[in-house]
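Worksheet for the structure shown next.
There are 2 protein chains.
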Amino acid sequence: MSLSGSAVVPSPTGSTRLYAVLGHPVDQVMAPSLMNPLFAARQIDAVMVPIEVEPARLGSVIQGLKAIGNFDGLLVTVPHKFAVCGYADRLGETATIAGSANALRREADGSWSADNFDGAGFVAGLRKAGHTLEGAAACLVGAGGAGVSIAAALMLAGVGRLLINDVACDRLDRLVSRLATRWPGKVSAAPQAATPGLDFIINATPLGLRPHDPLPFEIANLSEGTIVADIIMKPAETRLLEEAQRRGLPTHPGIHMLTEQIELYRSFFRLQ
Amino acid sequence: MSLSGSAVVPSPTGSTRLYAVLGHPVDQVMAPSLMNPLFAARQIDAVMVPIEVEPARLGSVIQGLKAIGNFDGLLVTVPHKFAVCGYADRLGETATIAGSANALRREADGSWSADNFDGAGFVAGLRKAGHTLEGAAACLVGAGGAGVSIAAALMLAGVGRLLINDVACDRLDRLVSRLATRWPGKVSAAPQAATPGLDFIINATPLGLRPHDPLPFEIANLSEGTIVADIIMKPAETRLLEEAQRRGLPTHPGIHMLTEQIELYRSFFRLQ
Chain P
1 MSLSGSAVVP SPTGSTRLYA VLGHPVDQVM APSLMNPLFA ARQIDAVMVP
51 IEVEPARLGS VIQGLKAIGN FDGLLVTVPH KFAVCGYADR LGETATIAGS
101 ANALRREADG SWSADNFDGA GFVAGLRKAG HTLEGAAACL VGAGGAGVSI
151 AAALMLAGVG RLLINDVACD RLDRLVSRLA TRWPGKVSAA PQAATPGLDF
201 IINATPLGLR PHDPLPFEIA NLSEGTIVAD IIMKPAETRL LEEAQRRGLP
251 THPGIHMLTE QIELYRSFFR LQ
Chain D
1001 MSLSGSAVVP SPTGSTRLYA VLGHPVDQVM APSLMNPLFA ARQIDAVMVP
1051 IEVEPARLGS VIQGLKAIGN FDGLLVTVPH KFAVCGYADR LGETATIAGS
1101 ANALRREADG SWSADNFDGA GFVAGLRKAG HTLEGAAACL VGAGGAGVSI
1151 AAALMLAGVG RLLINDVACD RLDRLVSRLA TRWPGKVSAA PQAATPGLDF
1201 IINATPLGLR PHDPLPFEIA NLSEGTIVAD IIMKPAETRL LEEAQRRGLP
1251 THPGIHMLTE QIELYRSFFR LQ
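If you want it as structure tokens, here you go:
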């Protein structure tokens, strides 16, 4: 209910174009707070709204949104990133590799294209922070909707060795075998996440969203200089990042993945 | 594309509740420009967006909207006011009489209620302008989605004699017979709209929206003092109202129907 701190934007009118971000839950999404000021700054008559939708109702909602004449695109968050691929007429490179999408747009012919920018946004954030990915050794913890996209983007960015850890063996194996087909010998499942000799270790699980969550992985065994990255945005500083800093390890917070994605979304949605 | 003159409101965030106004076309609707500043002024974290939907796709869109967890209500304009009644679980008094609805809300049990506030808004506008409806003689031109609601509201307000004119005989007869059942002897179809002896004559047709539209009825035969009302809001002064003023007749513009409805919507949507 609090509107404090919210940016002000022009009120939607009858001619406003629509964008949405779908999630379950959706209260935590930050995309409307970032995209609406972008629309305003560029004098684009559009608004992005949050849409709360249970998995069982996703089909009804997407079919309904597609039937709206002034609806141009949507972003997608947990737990819908895998399922939305089934509602796209075509998938971009990252979405195809990842089997997961977080953005859909209407094309001029009325068809729908999807891609996944979580990974590209994460990689852009690391690069902007001055980190080199080419040839690096990385461990990704979490092969969910965001994790699969980050895995694909890390490989596309030239990472030399990628270890992936997840408690769900089936989706872990599915992701590793999919990536191994394209990058043989470079990707493997890791029973232990926190091993010595890594350049990066990345939390792509939801652990850390709630204050009493356990750490997604132990940091005791990490080598000096291993960069500990988190994709969680709320809280901005997770307990994982705090503990890593206490151990003297460099850290990389989750917000960069989103802020870098805004520019990617802008381009994907063809906003001037 | 022009945002000039648009009020500023807080940007939607992840926790914003949703309202929509459905139409085909929808560019001309003024409800978002009025409701969003109302939400902002009352610190209600909600946004109203326009939704363009073709008649053939109305069912898909409404089913999709109902499946959205944070979607609380919608307003409806041309040409969907009759069809939406089929998507409500119950109809209010005016919607039942009119067979037409312009507002739907989600109830606490998840069911949907509809009512029609065009007529009540129109009547409230006339009263606010100091006009007395009890016992008056009125002629309504246009038995479409707004007209049926105005007819019902005029009768509920105590009009003594109501003539209704429409080029479409079937919907005219349907409305007259429906009203005559409840108010026998007071409502009749009028082949000629502009007859002498009227207190009010009301344009509820779309004629006047476009600059070269013919007048919805002739004003030459109207008695001195007959109030000429229009429900068209854009342009604010229709040619009908201009010609009536030139003849020295009192006029009542369309905007009042909407501004008075805003308070009715606020109450219907239970906004504090």
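For the record, the sequence lines run as chains P and D. Here the first sequence is numbered in this note's numbering, starting from 1 and rising by one per residue. Here the second sequence is numbered in this note's numbering, starting from 1001 and rising by one per residue. All C-beta atoms, glycine included, are put in the ideal place defined by N, C-alpha and C. The structure displayed is predicted, hence computed values, not measured ones.
In this structure, DSSP gives Val-148 of chain P a helical state, which the three-state scheme calls helix. Linking Val-167 of chain P to Leu-175 of chain P through their CA atoms gives a straight-line distance of about 13 Å.
Three or more Cβ pairs closer than 8 Å define a contact, and the region 48-65 of chain P falls short of that threshold against the region 1037-1046 of chain D. Residue contact with chain D for Glu-54 of chain P: present (Cβ-Cβ distance below 8 Å to some residue of chain D). The continuous beta strand (DSSP E) containing Cys-1139 of chain D extends over residues 1137-1141.
From the listed residues P:Ile-231, P:Ala-114 and P:Gly-225, the smallest Cα separation to Ala-244 of chain P is found for P:Gly-225. Chain P has no Cβ within less than 8 Å of the Cβ of Ile-1150 of chain D.
Under a criterion of Cβ atoms nearer than 7 Å, no residue of chain D is adjacent to Asp-109 of chain P; the nearest Cβ is some 17 Å distant. Not a single CB atom of chain P sits nearer than 8 Å to the CB of Asn-1102 of chain D.
In this structure, Thr-77 of chain P and Val-29 of chain P form a Cβ contact; the two beta carbons are roughly 6 Å apart against a cut-off of 8 Å.
Under the DSSP definition of a beta bridge, Tyr-19 of chain P partners with P:Met-48 and P:Gly-73.
Under a criterion of Cβ atoms nearer than 7 Å, no residue of chain P is adjacent to Met-1233 of chain D; the nearest Cβ is some 11 Å distant. DSSP places Arg-1178 of chain D in the uninterrupted alpha helix (DSSP H) bounded by 1169-1182.
At a beta-carbon threshold of 9 Å, the residues of chain P lying near Met-1030 of chain D are Thr-13 and Gly-14, ordered along the chain.
Residue contact check for Leu-1065 of chain D against chain P: a CB pair falls below 8 Å.
For Arg-1174 of chain D, none of the residues of chain P pass the 8 Å Cβ criterion, the least Cβ distance being about 29 Å. Per DSSP, the beta bridge partners of Ser-188 of chain P are P:Leu-163. In this structure Gly-1145 of chain D does not touch Glu-1260 of chain D by the C-beta definition: roughly 18 Å separates them, more than the 8 Å allowed. The way I'd put it, the region 1147-1166 of chain D does touch the region 1182-1190 of chain D; three or more beta-carbon pairs between them come closer than 8 Å.
Where Arg-266 of chain P is concerned, the enclosing alpha helix (DSSP H) starts and stops at 255-268. Where Arg-105 of chain P is concerned, the enclosing beta strand (DSSP E) starts and stops at 103-106. Going by DSSP, Ser-113 of chain P is part of the beta strand (DSSP E) stretching over 112-115. Identification of residues in the region 66-82 of chain P having a C-beta nearer than 9 Å to some C-beta of chain D yields Lys-66, Ala-67, Ile-68, Gly-69, Asn-70 and Phe-71, given in sequence order. Rounded to the nearest angstrom, the gap between the Cα atoms of Ala-46 of chain P and Ala-236 of chain P is 28 Å. Ranking P:Asp-213, P:Leu-34 and P:Tyr-265 by CA distance to the CA of Thr-205 of chain P puts P:Asp-213 first. The continuous stretches of beta strand (DSSP E) do not include Phe-39 of chain P, which lies in the alpha helix (DSSP H) extending over residues 31-41.
The beta carbon of Ser-188 of chain P does not come within 8 Å of any beta carbon belonging to chain D, so the residue lies off that interface. Neighbourhood of Asp-27 of chain P in chain D, by CB distance below 7 Å: Gly-1014 and Ser-1015, in chain order.
Under a 10 Å Cβ-count criterion, Pro-10 of chain P is classified as buried, with 16 or more other Cβ atoms of the shown protein chains found around its own Cβ. Scanning chain D for C-beta atoms nearer than 8 Å to the C-beta of Asn-36 of chain P yields Ser-1011 and Pro-1012, reported in chain order. Neighbours of Leu-209 of chain P in chain D, taken as residues at a C-beta separation under 9 Å, are lacking, since the least C-beta distance is about 13 Å.
By the Cβ test, the region 1087-1099 of chain D is not in contact with the region 74-93 of chain P, since fewer than three Cβ pairs between them sit closer than 8 Å. At a cut-off of 8 Å between beta-carbon atoms, Arg-106 of chain P makes no contact with chain D. Close partners of Ile-1202 of chain D in chain P (Cβ separation under 7 Å) are lacking, with about 24 Å as the shortest Cβ gap.
Under the Cβ criterion of 8 Å, Pro-206 of chain P is not counted among the residues facing chain D. Residue state for Leu-58 of chain P is assigned as helix, using DSSP reduced to three classes.
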